[in-house]
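*Asks:* I have a structure I would like to understand better, so I am pasting it below and will then ask my questions one at a time.
4 protein chains.
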Amino acid sequence: MIYFRSDYSQGAHPKVLEALMKTNLEHTDGYGLDMHCEHAGQMIRDLIGIPDCGVHMMTGGTPCNVTVIAASLRPYESVVAAKSGHAYSHETGAVEATGHRIVAMDSVNGKLAPELIDLAWEEYEDEHTPLPRMVYISQPTEIGSVYSKAEMTALAEKCRARDMLLYVDGARLGSALTCEGNDLSIKELAALCDAFYIGGTKNGALFGEALVIKNKQMNDHFRHMMKRQCSLLAKGRLIGVQFEVLLDGGMDSIYFSMAAHANRLAAILRDGLAAMQISFYSDSQTNQVFPVLPVNVVRSLEKEFFFYEWAPEKNGSIPIRLVTAWGSKESDVSAFLNRVRELQKKA
Amino acid sequence: MIYFRSDYSQGAHPKVLEALMKTNLEHTDGYGLDMHCEHAGQMIRDLIGIPDCGVHMMTGGTPCNVTVIAASLRPYESVVAAKSGHAYSHETGAVEATGHRIVAMDSVNGKLAPELIDLAWEEYEDEHTPLPRMVYISQPTEIGSVYSKAEMTALAEKCRARDMLLYVDGARLGSALTCEGNDLSIKELAALCDAFYIGGTKNGALFGEALVIKNKQMNDHFRHMMKRQCSLLAKGRLIGVQFEVLLDGGMDSIYFSMAAHANRLAAILRDGLAAMQISFYSDSQTNQVFPVLPVNVVRSLEKEFFFYEWAPEKNGSIPIRLVTAWGSKESDVSAFLNRVRELQKKA
Amino acid sequence: MIYFRSDYSQGAHPKVLEALMKTNLEHTDGYGLDMHCEHAGQMIRDLIGIPDCGVHMMTGGTPCNVTVIAASLRPYESVVAAKSGHAYSHETGAVEATGHRIVAMDSVNGKLAPELIDLAWEEYEDEHTPLPRMVYISQPTEIGSVYSKAEMTALAEKCRARDMLLYVDGARLGSALTCEGNDLSIKELAALCDAFYIGGTKNGALFGEALVIKNKQMNDHFRHMMKRQCSLLAKGRLIGVQFEVLLDGGMDSIYFSMAAHANRLAAILRDGLAAMQISFYSDSQTNQVFPVLPVNVVRSLEKEFFFYEWAPEKNGSIPIRLVTAWGSKESDVSAFLNRVRELQKKA
Amino acid sequence: MIYFRSDYSQGAHPKVLEALMKTNLEHTDGYGLDMHCEHAGQMIRDLIGIPDCGVHMMTGGTPCNVTVIAASLRPYESVVAAKSGHAYSHETGAVEATGHRIVAMDSVNGKLAPELIDLAWEEYEDEHTPLPRMVYISQPTEIGSVYSKAEMTALAEKCRARDMLLYVDGARLGSALTCEGNDLSIKELAALCDAFYIGGTKNGALFGEALVIKNKQMNDHFRHMMKRQCSLLAKGRLIGVQFEVLLDGGMDSIYFSMAAHANRLAAILRDGLAAMQISFYSDSQTNQVFPVLPVNVVRSLEKEFFFYEWAPEKNGSIPIRLVTAWGSKESDVSAFLNRVRELQKKA
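Residue numbers (this note's numbering), protein chains in the order written: chain H, 18 to 364; chain A, 18 to 364; chain S, 18 to 364; chain Y, 18 to 364.
Encoded structure:
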């Protein structure tokens, strides 16, 4: 079986495990108040060039999204997001559980745009309607697309004009930063938004995300919010240790080389499938590929490859999702392309 | 100034005030545990032909919606509603404040339909998504349309098939039940849904709505929920007394004659405007009329009539909302139609 | 039957009903944005000598408490209150429903004191504990006692020292302000706290409380919070109209004369019972009296008088609660005292 | 420096890391739907002798407590706990964040007792008060004491009599089960309560707790609740893998031998200190020891040993907390006792 199931189906990059091994018997303070978390935080501040931002080691992406939103908004304020955004589409109402509406917008290619923010504001009138106060986006999006520098700048300007906070879900941030065509550096991203996170779970960590909060008000008493929202890990240092290894070397670290590797394999997949005249469900630039394949091809492929069907069958075809990761091999990709080629020939 | 602003811009029908006067010095138990509330509850049970349902005297429509939803759903469950539904469009996220998502659907003429419920379910996958468990509709809708018996039956059947609860916001229920073309009686409505309320605020009461809960599980400990959700009035009997008067005589009561009166005047407005080739923003059958008028006509009318602009200007025209109520007079309606006619001639 | 059951068992002072009658057919804007609410608000600003505070017409006491707390606190902050405080003891967890803990302190005579606030802070450590941020007290307390000027000043100073907000539940504020021994004027009270309300429901209104918010941050977007917390009444003017009548004349208004009347009758009850060597459950100074009576005396009295047993039997005696109100008569009080005297003689 | 700071200041037992290493490159389903979680769950069902209970792999203790409570209670229901219970004392109001009150009881030795549950019920009256519905206890308690079989049985019976759920926080369950004097087996514990968890974080895991839910209604849709409450880990298998190792061999597994080791060292500490006539802050039977030492002794000890001061100074003495863990050595304990002996002699 060859796996294109997800970028969190394996454990961690061996160097991550090695570091956990090496630091295992150290005694440290709990709850992220240790030298490893402090050091990792400092590495991140250096990487993004913002010396005084908050950096918090979080257990997962949903905890990041929920804790940031609950910490940032007053009770009557809402979040604007794409309907495909993870916080709306795959978190079981965890944001609403903290009392806030997500105004969910239909979007093109998974991206929010300034016009969609204006459209969301059409629902606002006065004290009878929730006040939109934060924009939630994912970079890359859940279907693999990437905001360009121009797009992100336009969003940030719209947010400033509307007095809204801009928060970026970076579950696969490495993949966005290293993909072909990306023109938005991590420093530029950090400069444009109020908060974002650098996802570890989907890029070589056992688990853990590094949440960066620039906005002072959002960061105020944030550790109280982490505890209240069940996202403060007792052995917080585990996340610090992982990010120390992942980001060692900055833009030359394994964090970015793993992401680049996954992107490279995805590009091969994409190019190979396109060459076979196969169309795609979304315009992904990163480590997810969404070919639309005939049902019988999908059924055959399922016997050798593990992947998800992404949407229901339509006109005899099914969009599937192929995810490459740090652990994927070039041979996996060749095997897949070869098999599709064979199946096409048979047909 | 002539008022078509809303159906809650005046106080109460004189008979309501009279009853409050007459019972004013009675000593009763607080919080709705008095003979008037009990009696009004019994009158309602008789009216709808369901002897064992819960009837609760509520202070307003938002308290009804929020308390019912919070009482009925488990934390991970969501409500499906039209985007124009009051609970989504005009309650400042009060439902989300109790931790539940409203899945808000674009709809035609303000109505939900079985297909839209199916569409909402497309967002559901598994434990990563909120579970749709209740359908919220308004009868009539916020833009005046009315579900027919066939439409309401289809919704109820879809709910049963999907294991969902059906809740009907009856802020203007009298208006739906007495409008021309209505073929759904209050007994039939009650039989089809799990809970609904008979709105008093918008039909001759000072304030107050009578909430009917047939579903035993939804009604369990409901008074605890009322107190928790701030919707238990100390002098609850005030609402009971009002409904005793309003519903005295059943279908021949002032509750229904007031609604019929408002509907009749709205029909005159509607017919008169249609005769002038004026088009409408929505297909209202009840006491709200939404003509689309040229900007300069609207500006002139505003000097003599009080009404709301319902949506922003588009192509030189503005949809306005005219509401008739128990206190509206036929002469108000004639005056309006005459003035429009004059303004049309001038142009 | 003679009633000492509660101060909300009757309707409203006749002048209140009269005013509702007189204004009944006026057309006004909804949701408290009308001339009556504005006028009543101005009357209150004049009365307390604070020209720029927020005044909001609320439907009840629980809505006041809950909306103020939810609007004022960040999610991880808590409220300190006496265990007997209404927000803890009789609101079904409505405060916790908004996500905030009430740190409930055992107290003497129903009052919080600076030492109890310090004691509550002993539960605070760091991000693992909720941060106490508001003090909730009732003036008078739920068992009738009244904070003196010195006591209230000490609480306010403690709050300032601890960076806490001071909120005063004034469900029976009239009773505190007019009771014998009170040395704290409404202006002084207003000057010492961040927010308080003037209770109407328990002093001659049909329903309604006037909430005063001095603190600018607490008042920010408060009307959004009212809608979100289900405490914005459609015909808000009903509350405005009532307070216009109740407070007409300021300290000489019927609001204060009704309260003084009830206090005077309660004092007669208290003195009469004390003269019979009867002891009291609490040291009430206002319109509630809590005599502790032998079980058989209670059983006899129950046949002619309506009152609540306040706590379970203990050593053959039961504390009962007698409440006088604007509608109580001196003859009611004499009848009660005579009956107790007779029952004592028999024994 | 010698560490008695906490039982989560080091990483994991070497065998745990080894297993994570060995399984690192396996591809599995995410979110706990993998063979390791399933296997660990089965091992636990076998260990407790309950074949059909739910077992969920959780990231930490607070997520267990909060998710269980939020999943089990209707909105108006409350939890009864000791004031020293972790869910009340050290979780920043995370339970209240889900809308439920914790009725916090002063207790002796950190334990709840049937009488305290009755006392909590004295706060309940009717719809004006939250309904106590769950009892939360910790085994062992936060200050090291252990419920005997008789005590736990009495609690369980009281819960049944009161129609309450019994939930046991087992953050240090291994320590309770292996301490001297314990007479309550894990099977008996499981039989008596509705849900409990087997804590990994404080006994040799990197992180993770195994939550056992016997009660079918509490377990219904529990995975939805996990996601909603931010406690569903993407690589859930990490927790499964750890529990497979920890519990391999059942009562003879390293889970129990680590706990027994820590208990044994704590007992040596306790006996040694008692022999020096030193008194204790609590009657701990497990791996926490709370000697009360003169301030100057504490100050001297702090130079060589790491521990927490547990409560403020009183009469010249300070209660400190010494925690032993799987990684503690007998020589650590001897060193501590010798140093105290020396300091006593000097005095």
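Cβ atoms here follow ideal geometry from the backbone N, Cα and C, with glycine treated the same way.
Can you tell me which of S:T40, S:Y20, S:G66 puts its alpha carbon nearest to the alpha carbon of S:G267?
*Replies:* It is S:G66 whose Cα lies nearest to the Cα of S:G267.
*Asks:* Based on the DSSP output, what are the partners of S:L34 in its beta bridges?
*Replies:* For S:L34, which the question treats as bridged, DSSP gives no partner whatsoever.
*Asks:* So with CB distances below 7 Å, who are the chain S contacts of H:K244?
*Replies:* Near H:K244 (Cβ distances below 7 Å), the residues of chain S are E144, H145.
*Asks:* Can you tell me whether Y:R316 is buried or exposed, with buried defined as 16 or more other CB within 10 angstroms of its CB?
*Replies:* It is exposed - the Cβ of Y:R316 has fewer than 16 other Cβ atoms within 10 Å.
*Asks:* Is it the case that the Cβ atoms of A:V306 and A:R287 are separated by a distance below 7 Å?
*Replies:* Yes, these two residues count as a Cβ contact at 7 Å.
*Asks:* Is there a C-beta anywhere in chain H that falls below 7 Å from the one on Y:F224?
*Replies:* Chain H, which has a Cβ nearer than 7 Å to the Cβ of Y:F224, makes this yes.
*Asks:* Taking a Cβ distance cut-off of 8 Å, strictly less, list which residues of the stretch 91-102 of chain A are near chain Y, in chain order.
*Replies:* Residues R91, P92, Y93.
*Asks:* Name, please, each residue of chain S whose Cβ falls closer than 8 Å to the Cβ of A:E43.
*Replies:* The contacting residues are Q27, G28.
*Asks:* Whole-angstrom Cβ separation of H:D190 and H:G221, contact assumed at under 8 Å?
*Replies:* Here residue 190 of chain H turns out to be Leu, not Asp, going by the sequence shown. That pair is no contact at about 12 Å.
*Asks:* Helix, strand or coil for H:A251? Go by DSSP, reduced to three states.
*Replies:* H:A251: coil per DSSP, three-state reduction.
*Asks:* If you draw a straight line from the C-alpha of A:T146 to the C-alpha of A:I134, how long is it?
*Replies:* The alpha-carbon atoms of A:T146 and A:I134 are separated by roughly 16 Å.
*Asks:* Could you check whether A:Y25 and A:T218 sit closer than 7 Å to each other, using their CB atoms as the reference points?
*Replies:* Going by C-beta atoms, A:T218 is nearer than 7 Å to A:Y25.
*Asks:* Pull up the DSSP beta-bridge partners for Y:D186, would you.
*Replies:* Y:D186 is bridged to Y:S155.
*Asks:* Fully enclosed by the stretch 233-315 of chain Y, which alpha helix (DSSP H) runs are 4 residues long or longer?
*Replies:* As far as the stretch 233-315 of chain Y is concerned, its whole alpha helix (DSSP H) runs of at least 4 residues are 233-236, 239-245, 254-263, 271-292.
*Asks:* Check whether the stretch 225-235 of chain H and the stretch 118-137 of chain S are in contact - that is, three or more C-beta pairs closer than 8 Å.
*Replies:* Contact between the stretch 225-235 of chain H and the stretch 118-137 of chain S is absent, because fewer than three Cβ pairs lie under 8 Å.
*Asks:* So what's Y:H73 in DSSP terms, helix, strand or just coil?
*Replies:* Here Y:H73 sits in strand by DSSP.
*Asks:* If contacts are defined as beta-carbon pairs under 8 Å, then H:I160 and H:S299 qualify, I think. What distance do you get, rounded to the angstrom?
*Replies:* Right, the Cβ-Cβ distance comes to about 4 Å (below 8 Å), so this counts as a contact.
*Asks:* Considering Cα atoms alone, identify which of Y:H53, Y:V33, Y:A29 is closest to Y:K252.
*Replies:* Answer by Cα proximity: Y:H53.
*Asks:* Ignoring anything shorter than 4 residues or poking outside the stretch 47-100 of chain Y, list the alpha helix (DSSP H) runs there in chain order.
*Replies:* The qualifying runs are 52-65, 78-89.
*Asks:* Please report how far the alpha carbon of S:K331 lies from the alpha carbon of S:S296, in whole angstroms.
*Replies:* The straight-line gap from Cα to Cα measures roughly 14 Å.
*Asks:* Near H:P68, which residues of its chain fall below 8 Å by C-beta distance, leaving aside the five closest residues on each side in sequence?
*Replies:* Taken in chain order, the residues that qualify are R62.
*Asks:* Chain S partners of H:R240, CB-CB under 7 Å?
*Replies:* E144, listed in chain order.
*Asks:* Should A:Y93 be labelled buried (16 or more other beta-carbon atoms within 10 Å of its own) or exposed?
*Replies:* The residue is buried, with at least 16 neighbouring Cβ atoms inside 10 Å.
*Asks:* Would you call the CB atoms of S:M275 and S:Q361 closer than 7 Å?
*Replies:* For S:M275 and S:Q361, no; Cβs fall outside 7 Å.
*Asks:* Could you compute how far the alpha carbon of Y:P329 sits from the alpha carbon of Y:V312?
*Replies:* Whole-angstrom Cα-Cα distance: 10 Å.
*Asks:* If the cut-off is 7 Å on Cβ atoms, which residues from the stretch 246-259 of chain S count as contacting chain B, listed in chain order?
*Replies:* No chain B appears in this structure, whose protein chains are H, A, S and Y.
*Asks:* Assuming Y:A29 and Y:E261 form a contact by the criterion Cβ under 8 Å, report the distance between their Cβ atoms to the nearest whole angstrom.
*Replies:* Contact flag wrong, Cβ pair sits at about 13 Å.
*Asks:* Measuring CA to CA, which of S:T109, S:C70, S:G58, S:M60 is closest to S:N82?
*Replies:* Closest by alpha carbon: S:T109.
*Asks:* Of all the CB atoms in chain S, is at least one closer than 7 Å to the CB of H:A87?
*Replies:* Closer than 7 Å to some Cβ of chain S, the Cβ of H:A87 qualifies, so yes.
*Asks:* Taking the continuous alpha helix (DSSP H) assigned at H:L209, which residues delimit it?
*Replies:* From DSSP, the alpha helix (DSSP H) with H:L209 extends over 203-209.
*Asks:* Does the beta-carbon distance from A:A173 to A:L201 come in below 7 Å?
*Replies:* Taking 7 Å as the Cβ cut-off, A:A173 and A:L201 do not qualify as a contacting pair.
*Asks:* Check the Cβ of Y:L339 against every Cβ in chain A and list those closer than 8 Å, keeping chain order.
*Replies:* Neighbours of Y:L339 on chain A: none; closest Cβ ~40 Å, over 8 Å.
*Asks:* Starting from the beta carbon of S:E113, find every residue of chain Y whose beta carbon is closer than 7 Å, and list them in chain order.
*Replies:* Chain Y residues near S:E113: E113, G116, H117, R118.
*Asks:* In this structure, how does DSSP classify S:P149 when only helix, strand and coil are distinguished?
*Replies:* Looking at S:P149 - three-state DSSP - the assignment turns out to be strand.
*Asks:* Mapping DSSP to helix, strand and coil, what is H:A222?
*Replies:* H:A222: coil per DSSP, three-state reduction.
*Asks:* For A:G257, which residues of its own chain have a beta-carbon under 6 Å away from its beta-carbon, when the five flanking residues on both sides are left out?
*Replies:* Answer for A:G257: H53, C54, A57, M74, listed in chain order.
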